[in-house]
Amino acid sequence: MNSLQAKHVVISGGGTGVGSAIASAFAAAGAKVTITGRTAQPLQQLAAKLPNTVAICCDVTDRESVERMLAQARAEHGPVDIAIANAGAVDSLPFSKISVDQWQQSLDVNLTGTFNLFQATVAEMQHAGWGRLIAIASTAGLKGYGYVSHYCAAKHAVVGLVRSLALECASKGLTANALCPGFIETPMLDRSIENIMQKTSMDRSQARAALNKDNPMGRFIQPAEVADSALFLCTAGASSINGQSIAINGGEA
202 MNSLQAKHVV
212 ISGGGTGVGS
222 AIASAFAAAG
232 AKVTITGRTA
242 QPLQQLAAKL
252 PNTVAICCDV
262 TDRESVERML
272 AQARAEHGPV
282 DIAIANAGAV
292 DSLPFSKISV
302 DQWQQSLDVN
312 LTGTFNLFQA
322 TVAEMQHAGW
332 GRLIAIASTA
342 GLKGYGYVSH
352 YCAAKHAVVG
362 LVRSLALECA
372 SKGLTANALC
382 PGFIETPMLD
392 RSIENIMQKT
402 SMDRSQARAA
412 LNKDNPMGRF
422 IQPAEVADSA
432 LFLCTAGASS
442 INGQSIAING
452 GEA
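Position in the sequence shown (first residue = 1) + 201 = the numbering used here.
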């Protein structure tokens, strides 16, 4: 793997779950890391454990907040080389019960947050002649799932954004890709399991089995697997991987 010691990576939703795993992996690889999110405590706790890592609060749905965060990040670590749009949120509702506000909130955090981070960093990458734009999407960006139609719509849009951006940036030394994991062992998964238990007669083990039944490996994806995939996309060996939506799902159809 190429050294990332000169590279500055910004990771949204970086304080917990997949974002935390990605931050840890890039810090271990020698990158300069900026983690951002809406809640200060988990960001600060993680940054205190990792080398060359700063924590800056930010709401990715607010463009001005993103710009302020990036100004601080650049003051600490210099221009951004790698932007990883990981912030996301999901709740489970029948389509007929999704309010307009819930629809918009899903689009705001899952899609507009990705747009804001990418658009606010792409120019400096183009100027440098090298950059990596990585969206942490979902298998919900590749197929439909019941009761999360607003989330699926947003993640499908993220995949479309990445594919279009990849074409615009290909000649400028940049790549744009989406990682599309299945159900990941994170606090978000725990909330989904609790939701299933509340709405059905399932116990915890049954709810877990219901969520991982479509994974041929019979298990949930681990955050480190997503982090390692993000690291690979920043190596020389991945220089021609562009505009892809890479499933990390154990072979789920």
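Quick reminder that beta carbons are idealized off the backbone N, C-alpha and C, glycines included.
Tell me the residue span of the beta strand (DSSP E) that contains S153. In the structure displayed, the chain extends from 202 to 454; residue 153 sits before or after that span and is not available.
I need the DSSP call for I212, collapsed to helix, strand or coil. Looking at I212 - three-state DSSP - the assignment turns out to be strand.
List, from N- to C-terminal side, the alpha helix (DSSP H) runs of 4 residues or more that fit wholly inside the region 214-261. The qualifying runs are 218-229 and 241-250.
Between the alpha carbons of G378 and K356, how many angstroms are there, rounded? Looking at the sequence provided, one finds Asn at residue 378 rather than Gly. N378 and K356 have their C-alpha atoms spaced approximately 13 Å apart.
Are the CB atoms of V219 and I397 within a distance shorter than 8 Å? Contact check for I397 against V219 fails: the beta carbons are separated by 8 Å or more.
Can you find the residues in the same chain that come closer than 7 Å, C-beta to C-beta, to A408, ignoring five residues on each side of it along the sequence? Exclusion of the five residues before and after A408 leaves I394, I397 and M398 as the residues of its chain whose Cβ lies within less than 7 Å of its Cβ.
Looking at L380 and I447, is the spacing between their C-beta atoms short of 8 Å? Their beta carbons are under 8 Å apart, which means I447 touches L380 by this criterion.
In this structure, how does DSSP classify C353 when only helix, strand and coil are distinguished? C353: helix per DSSP, three-state reduction.
So what's S372 in DSSP terms, helix, strand or just coil? If DSSP states are grouped into helix, strand and coil, S372 belongs with the helices.
Identity of the residue in N413, I442, A428 and G438 nearest A454 by Cα: Shortest Cα-Cα distance from A454 to any of N413, I442, A428 and G438 involves N413.
F258 and R275 closer than 8 Å at C-beta: First, the amino acid is wrong: residue 258 is Cys here, not Phe. Taking 8 Å as the Cβ cut-off, C258 and R275 do not qualify as a contacting pair.
Strand pairing of C381, partner residues [DSSP]: C381 pairs with A448.
Do you know how far the Cα of G330 is from the Cα of T235? Taking the CA atoms as reference points, T235 sits about 21 Å from G330.
Count the other CB atoms, across all protein chains shown, that sit within 10 Å of the CB of R405; report buried if there are 16 or more and exposed otherwise. Exposed, since its Cβ has fewer than 16 Cβ neighbours within 10 Å.
Roughly how many angstroms separate the alpha carbons of L294 and Y348, rounded to a whole number? Rounded to whole angstroms, the gap between the alpha carbons of L294 and Y348 is 5 Å.
Look at the Cβ atom of L458, then the Cβ atom of S221, and state whether they are nearer than 8 Å. No information on residue 458 is available, as it lies outside the stretch 202 to 454 that the chain covers here.
Could you give the DSSP three-state label for R420: helix, strand or coil? In the structure shown, R420 sits in coil (DSSP, three-state: anything other than H, G, I, E or B).
Excluding sequence positions up to five away, which residues of its chain have a Cβ less than 7 Å from the Cβ of N443? When the five nearest sequence neighbours on each side are left out, the beta carbons in the same chain lying within less than 7 Å of the beta carbon of N443 are those of A367, A371, T376, A377 and N378, in order along the chain.
Please classify R333: is it buried, with 16 or more other beta-carbons within 10 angstroms of its beta-carbon, or exposed? Classification for R333: buried.
Between which two residues does the alpha helix (DSSP H) harbouring A408 extend? It spans R405 to N413 - the alpha helix (DSSP H) in which A408 sits, taken as one unbroken run.
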